[in-house]
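Under numbering that gives the first Met the number 0, the very last position in the sequence shown is 416; numbers go up by exactly one each time.
The C-beta atom is built at its ideal place from N, Cα and C for all residues, glycine as well.
What follows is a set of notes on a single structure, which appears directly below.
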Amino acid sequence: MDVAAHMWRRVSRPANRSEAEHRIARCGRQCLRKLLAVTGAVLLTCAVHAQSSMGPPHSPTAQGPTMQMPGDAPQPADSEPEQQLQVGTSLTRAGHFTEAIPHLLAAHGRVGNEYAASMNLAICYIATDQPAKAIPLLNELRAGAHDDADVNNLLAQAYIGGSQNQKGLEALQRAAAMTPNNEKLYMFVADACMGKQAYAQGIGVVELGLKNLPQSARLHFERAMFLSLLDRFDDAKPDFALARSLAPDSDVAYLAGAQEAMLDGKVPETIRIAREGIKRGDEGFLLLTLLGEALLRSGALPGQPEFEEARAALEKSVTARANYPGSQLALGKLYLLDARASDAIAHLEIARSLNPGDPAVYSNLAAAYRKQGNVARAQEALATLARLNEAQAEKIRTAPGETKASYATSGSPTQHR
């Protein structure tokens with residue numbers, strides 16, 4: 000589903016929304032800005048400035064967008080595409096991808112800096128889950144004079160977003176051959192794999208990065224997460240340990256420690272590590288989610304300080320990254336415990352749109368709809384849950400003997416997107 004469109008539908012609803020919906024509306028734009036970070040934020044400046052010696056004197060980022068106001072003197076007709084590029088670039092940088100697209104389309108093919116127009120438009124298409132529209136733009140750049148690392152990085156993300164994984168890996172290999180030591184290159188593409196639940200391909204991406212950056216704590220953490228999501232937790236443990244040892248007292252060290260403890264069922268240890276990391280200044284959405292989930296698993300109930308701590312952590316996590324299904328699900332469960340059925344449903348429905356194959360979403364949705372008195376929606380959620388359980392049972396039944404145990408004992412590890 001188009002996450003950006005989903006968020007904007009919530010933002011544009013009329014008044015009389017629940018408290019949770021108001022929070023979602025407030026963080027909708029922040030969610031879109033965060034998407035830029037995982038779809039090539041570092042590329043935007045490159046896209047805008049790469050042709051500064053070739054393009055027109057008015058670089059798109061040299062000044063703010065030139066908006067014509069009522070009463071202003073009409074601008075020459077040939078300046079309009081350049082103005083559209085300025086506006087589109089400014090909106091892209093601010094994370095307003097949906098609004099940027101019409102301006103960039105108006106500029107595309109009509110400006111001196113076509114590289115900037117195409118790259119920004121591709122970024123917007125990827126960020127709004129339209130990879131099929133980004134791919135031809137990026138291939139056109141490759142066919143011209145721009146078969147560079149930035150273009151291939153975005154192209155890898157677009158291909159993976161469109162479930163063309165082999166082509167995505169080929170694009171990544173081209174980019175890596177040009178900039179082998181760019182850690183963000185591998186992280187961006189690994190994040191695209193995580194978003195599509197292409198965990199096996201994600202391991203391939205990370206391992207390519209580790210060939211060039213064997214001491215990267217973040218890449219070791221990413222591999223540990225992919226392995227865990229493939230029910231290979233024992234194989235993941237050495238990477239969790241390496242992530243901690245390579246970058247001690249860093250955000251990734253606390254995240255690796257808390258995530259490993261959670262996957263190992265050590266809830267008090269998860270809480271201790273997450274609290275320590277947050278106290279030292281790491282308030283990333285993943286660590287906040289882990290703390291909130293662990294506090295709920297420890298039995299925190301409404302009225303207790305631990306419950307309020309979990310609520311604050313999860314609300315902050317959702318604000319920081321609204322397109323992360325783990326925090327949406329956890330916050331929905333918390334509101335359900337707090338007898339706030341409507342607020343719970345708002346977050347659980349977002350979790351469903353982001354990760355429709357998670358059985359935990361539907362069991363909690365059924366409970367929330369029952370509390371709201373909506374029997375039909377509760378039954379619908381239970382029917383979906385039954386189908387997912389049947390599919391899982393069939394997967395276990397047909398799995399080779401040595402993998403049956405991993406299917407039977409695997410939980411629902413915190414997903415990282």
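Residue closest to residue i, alpha-carbon to alpha-carbon, out of the options
| i | options | result |
| --- | --- | --- |
| Lys210 | Asn181, Phe232, Pro267 | Asn181 |
| Arg173 | Gly208, Ala390, Ala242, Leu245 | Gly208 |
| Ile159 | Asn322, Val188, Gln391, His145 | Val188 |
| Arg222 | Ala235, Gln214, Pro213, Asp230 | Ala235 |
| Val150 | Glu379, Tyr114, Tyr361, Ala93 | Tyr114 |
| Gly201 | Gln371, Leu387, Glu268, Ser162 | Ser162 |
| Ala340 | Ile134, Leu228, Lys370 | Lys370 |
| Leu285 | Leu104, Glu389, Ala106, Gly256 | Gly256 |
| Asp238 | Asp230, Leu218, Tyr253, Leu228 | Leu218 |
| Asp230 | Val251, Ala246, Asp263, Leu245 | Asp263 |
| Arg310 | Ala319, Leu290, Ala377, Gly325 | Leu290 |
| Arg376 | Lys394, Ser244, Gln165, Glu348 | Glu348 |
| His95 | Ala126, Ala380, Pro135 | Ala126 |
| Pro179 | Leu103, Asp147, Asn363 | Asp147 |
| Ala106 | Gln82, Cys123, Leu335, Leu226 | Gln82 |
| Asp128 | Ala191, Ser117, Val86, Gly87 | Ala191 |
Helix, strand or coil at residue i [DSSP, three-state]
| i | result |
| --- | --- |
| Gly160 | helix |
| Asn354 | coil |
| Lys265 | coil |
| Gly325 | helix |
| Gln229 | Inspection of the sequence shows that residue 229 is occupied by Leu rather than by Gln. The answer is coil: DSSP assigns Leu229 none of H, G, I, E or B. |
| Asp250 | helix |
| Lys195 | coil |
| Leu171 | helix |
| Thr97 | helix |
| His145 | coil |
| Gln214 | coil |
| Pro179 | coil |
| Pro237 | helix |
| Asp337 | coil |
| Ala366 | helix |
| Ala255 | helix |
| Ala242 | helix |
| Ala299 | coil |
Exposed unless 16 or more other CB atoms sit within 10 angstroms - verdict on residue i
| i | result |
| --- | --- |
| Ser297 | exposed |
| Ala385 | exposed |
| Lys332 | buried |
| Arg396 | exposed |
| Leu300 | exposed |
| Arg279 | exposed |
| Val110 | buried |
| Ala121 | buried |
| Ser89 | buried |
| Gln156 | buried |
| Asn112 | buried |
| Asp248 | exposed |
| Gln196 | exposed |
| Glu314 | buried |
| Asn322 | buried |
| Asp342 | buried |
| Asp71 | Low per-residue confidence applies at Asp71: pLDDT is 33, beneath 50, and the placement is therefore not dependable, though the value from the model is reported in the following sentence. Exposed, by the Cβ-count rule. |
| Ser316 | buried |
| Ala345 | buried |
Span of the alpha helix (DSSP H) around residue i
| i | result |
| --- | --- |
| Val374 | 374-397 |
| Asn138 | 130-142 |
| Leu287 | 284-296 |
| Gln82 | 79-92 |
| Arg279 | From DSSP, Arg279 is part of no alpha helix (DSSP H); its letter is neither H nor E. |
| Arg310 | 304-319 |
| His107 | Element bounds for His107: n/a, residue is neither H nor E. |
| Ala116 | 113-126 |
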